[in-house]
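The next block holds one structure in the form of structure tokens; read it before the comments.
Residue numbers (the numbering used here), protein chains in the order written: chain A, 2 to 488; chain B, 2 to 488.
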């Protein structure tokens with residue numbers, strides 16, 4: 002993995018390509034702590050851009066940020082029966098602190114329903130205190146056996162929304178609204194178009210009534226669960242005594258939702274757009290949108306070219322773009338190109354002495370749709386508008402391409418289990434097929450093919466002809482289901 | 002502490018006032034976890050504004066954010082001898098995870114020098130990789146025996162900057178630069194003017210060569226250590242093998258700095274500006290800068306007044322201000338005034354039917370300097386400019402007042418230990434006096450008066466006449482020192 006070697010190709014070994022590109026684009030690094038990664042500045046800058054966009058969307062829908070303790074009394078986790086079953090096996094436990102053994106062990110939050118709804122119960126008295134719409138940006142720890150940079154790490158960063166409502170309908174509407182927010186974010190910002198729908202009972206969040214999810218298809222045709230939104234019903238409200246006085250004076254339990262996305266999204270971005278040269282950053286999330294590489298031989302050329310680079314950078318900044326001038330003297334232009342391509346910077350501007358003379362710059366796109374040239378000369382006077390337009394087109398074409406790829410790899414109307422297996426065990430992708438609703442069939446598919454039901458898709462994603470029979474047992478289909486092998 | 006009772010006055014019991022105001026302004030709440038607090042949305046919004054301002058300043062000085070693991074192998078903490086002495090007694094230890102006892106216990110980071118410099122050693126090879134300028138926003142845990150909301154909590158949020166440099170001079174310049182950034186932030190944003198200087202060896206960060214600090218004086222005349230910046234020398238570089246090849250080809254250890262401020266700043270803000278009615282938020286950090294309270298009796302008045310409120314809010318938003326319209330129908334205006342005063346909103350705009358008719362609004366400031374009226378009528382057409390000006394003046398007068406209070410309570414030229422004790426045990430404040438540099442004298446003052454040397458002040462803060470003798474032993478003074486009882 003020395004810097005002068007190419008990456009493993011995606012076709013040869015997608016998993017190896019992924020690890021290499023994450024390390025060599027300097028998104029993350031392994032840490033000395035088992036299963037924990039270090040998010041390096043370039044990767045963290047992508048996460049910060051994601052956070053800002055999501056945070057704005059949360060606030061626009063009326064949510065406020067707050068912060069709750071990292072450590073949760075073990076007894077809290079144990080109060081909701083399904084919740085403890087789901088999370089107890091993977092918690093990290095503090096047994097010793099301040100030089101003494103603790104009377105009650107504290108678990109590091111794997112998620113914060115228990116402590117948050119306990120606090121809500123202090124704050125909510127009346128229907129006037131509802132809805133309570135809270136979000137938390139924080140770290141969580143889940144002791145995972147097999148970890149992958151960004152995709153599954155023992156500690157990860159995420160946001161967890163937690164809300165309380167007066168009625169079941171309002172909670173359901175909130176859970177669906179936030180699913181929609183996630184989908185919009187993934188489409189508009191990440192250029193990663195997911196399929197949305199409901200999880201089956203076996204894939205439901207531990208303690209939820211219903212779990213909704215956004216599932217995206219990676220380039221290796223495996224699904225990535227990119228975000229979830231839960232209608233928790235009154236399960237936690239009952240365990241944590243979260244009651245309120247209704248408008249009519251009765252005492253009621255509140256209805257809760259929770260929803261989250263994590264640093265896993267950075268991995269999703271890499272596996273959606275990356276190629277054999279490196280990652281490809283969607284312009285709206287790219288820490289650097291335009292890298293300017295000055296090209297010169299002699300010292301006087303250097304001054305001319307660098308001062309032009311400064312001018313161009315200023316014009317781009319005036320447009321609200323994020324340019325960066327690569328001023329390093331110890332690297333040749335070619336080495337710089339290679340490095341910034343690996344880091345997925347959408348546009349490169351090359352400026353040499355001849356360009357300065359002729360009043361133009363050379364613009365090179367990291368990728369373009371088939372048939373569109375990567376390299377183009379742009380008049381210097383027009384550089385702000387021209388590059389803003391190109392970035393917009395770049396973002397749009399990433400989304401179009403990812404959507405096309407998803408559709409090309411979505412197999413609909415599969416009624417035969419042999420064909421189902423052939424697809425899953427062959428090229429993979431999303432397989433749309435009928436399901437009887439039985440856990441036996443769901444389990445059998447999982448055991449035999451490692452594919453799981455990703456979602457029971459929302460109406461928009463369903464096939465025009467609803468399946469009639471279960472693809473496994475040939476009994477009557479209750480649902481159309483989207484199956485895939487998943488991360 | 003029911004909502005209809007006034008606060009304990011500061012004069013009666015400053016500590017009780019502080020706790021009440023933090024709880025009742027809904028900045029924070031106690032949690033079920035010993036020593037850990039919940040930061041409520043209003044308090045968190047202040048912290049977010051602080052974060053944004055600081056983060057911009059860090060980035061403007063060339064720093065990048067990154068994220069390192071929460072959990073640190075116990076052996077790491079033990080590697081730097083002074084560091085382990087300082088932190089071992091207060092760490093929380095994970096001994097059990099994923100259902101198994103860990104081979105090596107993991108401590109929850111009390112600070113991240115060890116793990117960060119270990120990672121730096123992987124990333125730094127040559128002088129070209131330096132300086133490495135990293136910041137991390139995160140949570141840390143220190144098992145404290147006596148905790149206070151925001152001021153000292155078992156878990157707290159902070160930022161920790163960590164840098165590596167090729168030379169001692171560069172590291173020293175960085176440590177001082179960041180001390181200056183903190184001071185500027187506290188003055189310009191918090192209106193909390195600190196004294197800056199160097200810590201004595203006994204108050205030095207565990208593992209540092211030199212520690213610098215910003216110390217602010219609270220209204221009860223106790224000092225608050227509001228931020229620290231450390232020149233770590235090569236102590237950690239040597240333990241974590243952080244070496245680089247210099248320009249001349251030699252192998253050298255890097256020089257490190259670290260620096261941090263925390264959610265403690267929110268407590269500092271409360272204790273600097275709060276009064277017996279509640280907190281006072283400096284406009285630049287206030288989540289809400291202007292609260293608009295509509296005043297009406299009848300339904301048609303309600304519509305008129307609320308639509309005027311919307312217009313005014315739009316004018317303020319156009320100016321980049323942060324207004325909020327209190328539309329609640331179940332509270333009388335007086336109750337709203339009282340609540341927003343407690344929450345320290347700088348300006349209140351009252352709009353009634355007569356105001357709408359006459360084309361003006363009533364503006365009431367949360368506080369004004371002595372002699373300046375709190376209440377003033379402002380022509381509606383001019384409301385954007387007028388309120389922007391008033392907020393600016395409000396911010397400036399908070400700073401001027403806090404600076405005046407600090408100066409009024411700074412006692413200079415104290416040469417007599419009896420007088421020294423009388424001040425410390427009386428009204429308190431900063432006492433400037435000579436110090437021989439000996440730990441015996443420092444210890445004696447601490448044991449007898451509970452005052453500590455806050456800093457050996459920077460030149461700007463030193464008294465015009467340098468003290469000649471140590472205020473304790475009357476031996477020759479090595480330094481002027483600033484003493485105070487501290488949080």
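Virtual Cβ for every residue (Gly too), placed ideally from N, Cα, C.
Predicted, not measured: the structure shown is a model, and the values here were computed from it.
Exercise for review: Please classify residue 139 (chain B): does DSSP put it in a helix, a strand, or coil?
Suggested key: Assigned with DSSP and collapsed to three states, residue 139 (chain B) falls in strand.
Review point. Since residue 232 (chain A) sits in a beta bridge, which residues does DSSP pair it with?
Key: The partner list for residue 232 (chain A) (beta bridge, DSSP) reads A:211, A:258.
Review point. For the 8 Å Cβ check, are there 3 or more pairs between the stretch 429-441 of chain A and the stretch 407-414 of chain A?
Key: In the pairwise beta carbon analysis, the stretch 429-441 of chain A is classified as touching the stretch 407-414 of chain A: at least three pairs are separated by under 8 Å.
Point to revise | Any chain B beta carbon closer than 7 Å to residue 50 (chain A) | key: Not closer than 7 Å to any Cβ of chain B, the Cβ of residue 50 (chain A) fails to qualify, so no.
Check your understanding: Are the Cβ atoms of residue 500 (chain A) and residue 278 (chain A) separated by less than 7 Å?
Key -> In the structure as shown, chain A begins at 2 and stops at 488. Residue 500 (chain A) is therefore absent and cannot be evaluated.
Check your understanding: How do the stretch 78-86 of chain B and the stretch 137-147 of chain B stand: do at least 3 beta-carbon pairs fall below 8 Å, yes or no?
Key -> Touching, no.
Review point. Closest Cβ-Cβ distance between residue 20 (chain A) and chain B: below 7 Å?
Key: No, residue 20 (chain A) does not count as interfacial toward chain B.
Check your understanding: Which parts of the stretch 332-415 of chain B are runs of the beta strand (DSSP E), unbroken and 3 residues or longer, counting only runs that do not cross its ends?
Key -> The stretch 332-415 of chain B contains these whole beta strand (DSSP E) runs: 348-352, 361-366, 376-380, 411-415.
Practice item. Rank B:215, B:448, B:441 by C-alpha distance to the C-alpha of residue 474 (chain B) and give the top, closest one. Key: Among B:215, B:448, B:441, the Cα nearest to that of residue 474 (chain B) belongs to B:441.
Check your understanding: Are residue 65 (chain A) and residue 347 (chain B) touching if we call contact CB-CB under 7 Å?
Key -> Taking the C-beta atoms as reference points, residue 347 (chain B) is found no nearer than 7 Å to residue 65 (chain A).
**Study point:** Residues of its chain near residue 7 (chain A), where Cβ-Cβ distance is below 7 Å and the 5 sequence neighbours each way are ignored
**Key:** Counting only Cβ-Cβ distances below 7 Å, and skipping sequence neighbours, we find nothing.
Point to revise | Presumed contact (8 Å Cβ cut-off) between residue 130 (chain A) and residue 245 (chain A), rounded CB distance | key: About 7 Å separates the two Cβ atoms, so the contact holds.
**Study point:** Interface flag, residue 37 (chain A) vs chain B, CB-CB below 7 Å
**Key:** By the rule that beta-carbons nearer than 7 Å mark a contact, residue 37 (chain A) touches chain B.
**Study point:** The beta strand (DSSP E) enclosing residue 330 (chain B), as first and last residue numbers
**Key:** Here residue 330 (chain B) belongs to no beta strand (DSSP E), and DSSP marks it neither H nor E.
Review point. Distance, Cα to Cα, residue 366 (chain B) vs residue 375 (chain B)?
Key: Residue 366 (chain B) and residue 375 (chain B): Cα-Cα distance of roughly 5 Å.
Practice item. Spell out whether any CB of chain A is found under 7 Å from the CB atom of residue 40 (chain B). Key: Judged by the 7 Å Cβ criterion, residue 40 (chain B) is in contact with chain A.
Review point. Any Cβ of chain A within less than 7 Å of the Cβ of residue 512 (chain B)?
Key: There is simply no residue 512 (chain B) to check, as chain B begins at 2 and stops at 488 in what is shown.
Exercise for review: Report the three-state DSSP secondary structure of residue 6 (chain A) (helix, strand or coil).
Suggested key: In the displayed model, residue 6 (chain A) falls within coil according to three-state DSSP, outside both helix and strand.
Check your understanding: Closest to residue 238 (chain A) by CA distance: which of A:164, A:456, A:326, A:314 is it?
Key -> Of the candidates A:164, A:456, A:326, A:314, A:164 places its Cα closest to the Cα of residue 238 (chain A).
Check your understanding: Taking 7 Å as the CB-CB limit, is residue 70 (chain B) close to chain A?
Key -> Interface annotation, residue 70 (chain B): in contact with chain A, CB-CB separation under 7 Å.
Exercise for review: Evaluate contact between the stretch 153-163 of chain A and the stretch 26-44 of chain A, counting only Cβ atoms and requiring at least three cross-stretch pairs below 8 Å.
Suggested key: Judged by Cβ distances under 8 Å, the stretch 153-163 of chain A makes contact with the stretch 26-44 of chain A, as three or more pairs qualify.
Check your understanding: For residue 129 (chain A), which residues in chain B fall below 8 Å Cβ to Cβ?
Key -> Correct list: 331.
Practice item. Take residue 234 (chain B) and list the residues in its own chain whose beta-carbon comes closer than 6 Å to its own, dropping the five residues that flank it on each side. Key: Here the set comprises 210.
Check your understanding: Nearest-angstrom Cα distance between residue 44 (chain B) and residue 161 (chain B)?
Key -> Spanning the alpha carbons of residue 44 (chain B) and residue 161 (chain B) requires a straight line of approximately 21 Å.
Point to revise | Touch test, the stretch 222-234 of chain B against the stretch 178-190 of chain B, Cβ-Cβ under 8 Å, three pairs minimum | key: The stretch 222-234 of chain B, when compared against the stretch 178-190 of chain B, does touch it at the 8 Å Cβ threshold.
Point to revise | Validate contact between the stretch 52-69 of chain A and the stretch 291-304 of chain A using beta carbons, cut 8 Å, 3 pairs | key: Counting C-beta pairs with one atom in each stretch, the stretch 52-69 of chain A and the stretch 291-304 of chain A have fewer than three that are closer than 8 Å, which means they do not touch.
Exercise for review: Give me whichever residues DSSP pairs with residue 159 (chain A) in a beta bridge.
Suggested key: DSSP lists A:139, A:263 as the beta-bridge partner residues of residue 159 (chain A).
Exercise for review: Tell me, please, whether the CB atom of residue 2 (chain B) is closer than 7 Å to any CB atom in chain A?
Suggested key: In this prediction, residue 2 (chain B) scores a pLDDT of 37, lower than 50, which makes its location untrustworthy; the coordinate-derived value is nonetheless stated afterwards. Not an interface residue.
Practice item. For residue 260 (chain B), return the contacting residues in chain A, with the cut-off set at a CB-CB distance below 8 Å. Key: Simply none; closest approach about 17 Å.
Practice item. Assess, as a yes-or-no matter, whether the stretch 5-25 of chain B is touched by the stretch 450-467 of chain A under the definition of 3 or more beta carbon pairs within less than 8 Å. Key: At 8 Å Cβ cutoff, the stretches do not touch.
Practice item. Would you mind sorting residue 392 (chain B) into buried or exposed? The rule is 16 or more other CB atoms within 10 Å of its CB. Key: So residue 392 (chain B) counts as buried.
Practice item. Can you grab the Cα-Cα spacing for the pair residue 91 (chain A) / residue 92 (chain B), in whole Å? Key: Each residue's alpha carbon lies about 22 Å from the other.
Exercise for review: Can you tell me which of the three DSSP states residue 424 (chain A) falls into?
Suggested key: Three-state DSSP puts residue 424 (chain A) in a helix.
**Study point:** Helix, strand or coil at residue 520 (chain A) according to DSSP, with G and I counted as helix
**Key:** Nothing can be reported for residue 520 (chain A), as the shown portion of chain A is limited to 2 through 488.
**Study point:** Short CB-CB distance (under 7 Å) between residue 489 (chain B) and chain A
**Key:** Nothing about residue 489 (chain B) can be read from this structure; chain B reaches only from 2 to 488.
Check your understanding: Would residue 356 (chain A) be called buried (16 or more neighbouring beta carbons within 10 Å of its own) or exposed?
Key -> So residue 356 (chain A) ends up on the buried side.
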